[in-house]
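Input: a single structure, listed below in structure tokens.
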Amino acid sequence: MSYADDVVRIAPWKDDRQFAYSITYDEGLIETLGFAWRIHRRFGIPGHVNVFPGMLGELVGDTSAGFLQSLWNLQKYADSDHLQFLVSEGWTIGCQFHLDDRDRPAGSLLQARLSLEKAIAHPVRTLAFADFKSCDASQGAARDAGFRWLFTLYDGLNAADEATDVVRRSPLFHEGPTPIRLANDPYRLLALARDRRGWVVDVVRLVDRYPVDAARDCTPAELETRFRAVHKIGEDRVWAASPEIVADYRYLRLSTHIRDYVSAPHQIRYTLAVTPAEDRAPQGQLTFVAHLDTTWRSPQATVAGDTVPLRPSPEPGTWVFAHRVVDGLEAKIEDGSRRSA
Amino acid sequence: MSVEICRWKHGLAFVYSITYDEGFADLIDHALPIHQKYGVPGHLVMVAGQLGQLRNIPSSTYHNVRRHLSPQQLRDLIQEGWSVGDHSMTHGDLNVDTHTEIVLSKEVLEEAIGQRVNVFHLPGADFSFAPAARYLEEAGFLAVFFADDRLNGHDPDLFALSRTLLYVIEGEPTCPLYDPFPRVYDPYHRLHEALETGGWIVDITHAVEPEPLALWKDATPDILDARFDCLRRVGDGREWAAEPEEVVDYILTRRAASVEDVQAEAAHVSFRLALGSIPRAVKCREISVSVRLSTVASCLPTVSVNGQASAEIDHFLGNELTFTWQADADHSQWIEIDWRS
Chain A
460 MSYADDVVRI APWKDDRQFA YSITYDEGLI ETLGFAWRIH RRFGIPGHVN VFPGMLGELV
520 GDTSAGFLQS LWNLQKYADS DHLQFLVSEG WTIGCQFHLD DRDRPAGSLL QARLSLEKAI
580 AHPVRTLAFA DFKSCDASQG AARDAGFRWL FTLYDGLNAA DEATDVVRRS PLFHEGPTPI
640 RLANDPYRLL ALARDRRGWV VDVVRLVDRY PVDAARDCTP AELETRFRAV HKIGEDRVWA
700 ASPEIVADYR YLRLSTHIRD YVSAPHQIRY TLAVTPAEDR APQGQLTFVA HLDTTWRSPQ
760 ATVAGDTVPL RPSPEPGTWV FAHRVVDGLE AKIEDGSRRS A
Chain B
1216 MSVEICRWKH GLAFVYSITY DEGFADLIDH ALPIHQKYGV PGHLVMVAGQ LGQLRNIPSS
1276 TYHNVRRHLS PQQLRDLIQE GWSVGDHSMT HGDLNVDTHT EIVLSKEVLE EAIGQRVNVF
1336 HLPGADFSFA PAARYLEEAG FLAVFFADDR LNGHDPDLFA LSRTLLYVIE GEPTCPLYDP
1396 FPRVYDPYHR LHEALETGGW IVDITHAVEP EPLALWKDAT PDILDARFDC LRRVGDGREW
1456 AAEPEEVVDY ILTRRAASVE DVQAEAAHVS FRLALGSIPR AVKCREISVS VRLSTVASCL
1516 PTVSVNGQAS AEIDHFLGNE LTFTWQADAD HSQWIEIDWR S
């Protein structure tokens, strides 16, 4: 870590929150969304739903797959109106990888993405896999089809410093698969994420009072309990956001570095270097944390000539501010009280 | 002024126990030092027919490679505060030779350790339970443990107690039967839930060694250390770390106890603790009572049981007093509390 990192650093997560939490819904079953969105709204947690682009608004109609599948046939997939409503609620929408796509070329996935974009009139950037093996096998095709983020099934944390486009998702279920029968754990990974400044992404399929597949579905009460646990562990230190937004932030942060750091009495200057790891220019806003001399009474930040507000952090001498990030952008922090004197 | 029998001994908020199925001798090197470091007693779940022997169960992961603790080693660990549970005679299906697996195994173990064995842990998958269930209580067991990942409540069915897995798994599944998807162990598993609800966590693991054989059911010393560290940090003095026999004893004693004839005067409270039927197998009949005094005591109150100062004061703060003593199942006991206000 350089001296500059000691004084000004980029926060691992937005607003310098301790950890991040996201939740995704696979398949976009309308019953799921009917129960879930109100709970999301109440807890202020935006969701993300993955859908089969060719099945919007249709009944789940595969009658060839036995008893369990026939229970799913009572369900219906969300249509484009439902999805646009969710977008208006701050949700994001992605494509669901269909097992039939395993052997398809990237062109098929591209077609799926474009079809969904047309249906919801919104960019589609994520592809979700219901199992880790499909994700491992089809990552290349998914990238070729223009998917920016790939969601897999992996019950573990995502790290803030992980430069990857594959996002791990932890199943939130009523009761895990046999024979060990993992039970629903409303606190799963949350305290660990807090300790390690990580990112938890849940995945659930059906939210209904009577889960069809206990290992993939949960009840509305279990979803509520999960969100309560997120707030209980996180308090005001959790960043609950759509996984697309969190993944964008992480990528932008890992692509951005502070260079040409200059320190003078009562003034600090630095320049940003944005060097994307891949051929995709990141853009957006990052949160910065400045550890300043406690004698600074009125720190002010100026970025590319514009004043940026700083807010004090609970830690003495620590200030948090956010601004857009562009390669070569110059920033300055100075003690306003000294300047006016 | 109120007098209440405490949910858990010493008035603590929740309970933590850990059990080691099979009771391998390596625990002495790799687990015992961590138990001593954190002050957590362990519980050994023994296959009675193979004490001190190299494991001889061809279907087992540990066949011919791990040795079970010997009777002398078990007695040494009991001196450390550990306890022993029954895991059948052969680790076989209980319904094949129920008398041997349940009744004779208990006798063999009791002979080996020189004391009663009160708890039984189902070997293999829990499916072997149902038809043999009626014999467990007849054989004199006080409690039966499953492995279904749930938190036990504060007043559980003692013949359907749950245990939660403590394991290593990090990364892709190594045993598809037990690992439906990649997952990591969460050392906070169920701790916040237990604190919130006043429950009882019982962990289950097998071998503890730096390079475990079975990642889905063994632990490393590091994982065990992390688990106990999380226990102590979340508990923060509110956790009762106890071996499961003692917890079962407390539950049975508490269920048989009632507070009667409460009398309060200035600087003096007395009540009678009546005890109903307690199974003879219960080894420890300690009971904890919490008293909220009507006035703030300026000095530590004195507690006497049948005229003798035999109670241990657990907590005293202002007007709240918690104390524990050995209850006598055959007689009512008069408790008197005196303090200067």
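If you're matching them up, the sequences are chains A and B in order. Read left to right, the first sequence gives residues 460 to 800 (my numbering). Read left to right, the second sequence gives residues 1216 to 1556 (my numbering). Using N, Cα and C, we set each Cβ at its ideal position, and we do this for glycine too.
Interface annotation for the stretch 631-659 of chain A against chain B: Gly635, Pro636, Pro638, Ile639, Arg640, Leu641, Ala642, Asp644, Pro645, Tyr646, Arg647, Leu648, Leu649, Ala650 and Leu651, criterion Cβ-Cβ distance under 8 angstroms. For the stretch 584-606 of chain A, the set of residues with a beta-carbon nearer than 8 angstroms to any beta-carbon of chain B comprises Asp590 and Phe591, in chain order. Classified as exposed, Asn1279 of chain B has fewer than 16 neighbouring CB atoms from the shown chains inside 10 Å of its CB. Taking 8 angstroms as the cut-off, the Cβ atoms of Thr1313 of chain B and Gly1264 of chain B do not count as close. In its chain, beyond the 5 residues on either side, Ala1354 have a beta carbon closer than 6 angstroms to the beta carbon of Val1318 of chain B. Selection A:Trp778, A:His782 and A:Glu774 evaluated against Thr730 of chain A yields A:His782 as nearest (Cα-Cα).
Counting along the chain, the unbroken alpha helix (DSSP H) around Ser547 of chain A starts and ends at Ser539 to Ser547. For Trp550 of chain A, no beta strand (DSSP E) encloses it, and the DSSP letter there is neither H nor E. In the three-state scheme derived from DSSP, where H, G and I count as helix and E and B as strand, Lys791 of chain A is classed as strand. Excluding the 5 residues flanking it on each side, Ser772 of chain A has same chain C-beta neighbours closer than 8 angstroms at Asp475, Val748, Trp778 and Val779, in chain order. Of the residues assessed, Phe556 of chain A falls on the buried side of the cut-off, its CB having 16 or more other CB atoms within 10 angstroms.
An exposed status is given to Tyr669 of chain A, since fewer than 16 other beta-carbon atoms sit within 10 Å of its beta-carbon.
For His1245 of chain B, the enclosing alpha helix (DSSP H) stretches over residues Leu1242 to His1245. Contact annotation: in the stretch 608-628 of chain A, residues whose CB is within less than 9 angstroms of a CB in chain B are Thr611, Leu612, Tyr613, Asp614, Gly615, Leu616 and Arg627.
C-alpha of Ala1422 of chain B to C-alpha of His507 of chain A: approximately 40 angstroms in a straight line.
Its chain contains Met1216, Ser1217, Asn1534 and Glu1535 as the residues whose beta carbon lies nearer than 7 angstroms to that of Arg1507 of chain B, once the 5 sequence neighbours on both sides are disregarded; these appear in chain order. Between Asp1418 of chain B and Thr1379 of chain B, the CB-CB gap stays under 8 angstroms.
Rounded to the nearest whole angstrom, the CA to CA distance from Asp603 of chain A to Leu586 of chain A is 12 angstroms. Only residues of its own chain outside the window of five on either side were considered, and among them Leu515 and Gly516 have a CB closer than 6 angstroms to the CB of Asp538 of chain A, listed in chain order. Under the criterion of beta carbons closer than 8 angstroms, Ser1298 of chain B and His1258 of chain B qualify as touching, at roughly 5 angstroms. Rounded to the nearest whole angstrom, the CA to CA distance from Gly657 of chain A to Arg497 of chain A is 27 angstroms.
Using a Cβ-Cβ cut-off of 8 angstroms, Ile692 of chain A is close to His1407 of chain B, given in chain order.
Among the residues of chain A, those whose CB is under 9 angstroms from the CB of Asp1363 of chain B are Glu634, Ile639, Arg640, Leu641 and Ala642, following chain order.
Using a C-beta cut-off of 8 angstroms, the stretch 1360-1379 of chain B makes no contact with the stretch 1521-1529 of chain B, since fewer than three inter-stretch Cβ pairs fall below that distance. Interface residue (Cβ-Cβ distance to chain A less than 8 angstroms): Asp1312 of chain B is not classified as such.
Rounded to the nearest angstrom, the gap between the Cα atoms of Leu1269 of chain B and Gln1541 of chain B is 41 angstroms. Sequence-distant Cβ neighbours of Asp485 of chain A in its own chain, meaning closer than 7 angstroms and more than five residues away, are Asn509, Gln555, Ala587, Ala589, Val662 and Arg664. Against chain A, the CB of Arg1398 of chain B has a partner CB under 8 angstroms away; the residue lies at that interface. DSSP links Asn1271 of chain B through a beta bridge to no other residue. Ile1502 of chain B and Ala1472 of chain B do touch by the CB rule: their CB atoms are close to 5 angstroms apart, below 8 angstroms. Going by C-alpha positions, Leu1488 of chain B is about 36 angstroms away from Tyr1235 of chain B. Out of B:Ser1509, B:Asn1271 and B:Phe1229, the CA that lies nearest to the CA of Leu1446 of chain B is found in B:Phe1229.
When Cβ pairs closer than 8 angstroms are counted between the two stretches, the stretch 1423-1435 of chain B is seen not to touch the stretch 1364-1379 of chain B, the count staying below three. Sequence-distant Cβ neighbours of Arg655 of chain A in its own chain, meaning closer than 6 angstroms and more than five residues away, do not exist here. When DSSP reads this structure, Ala650 of chain A sits in no beta bridge, so it has no partner. Look at Thr684 of chain A here: in three-state DSSP terms it is helix.
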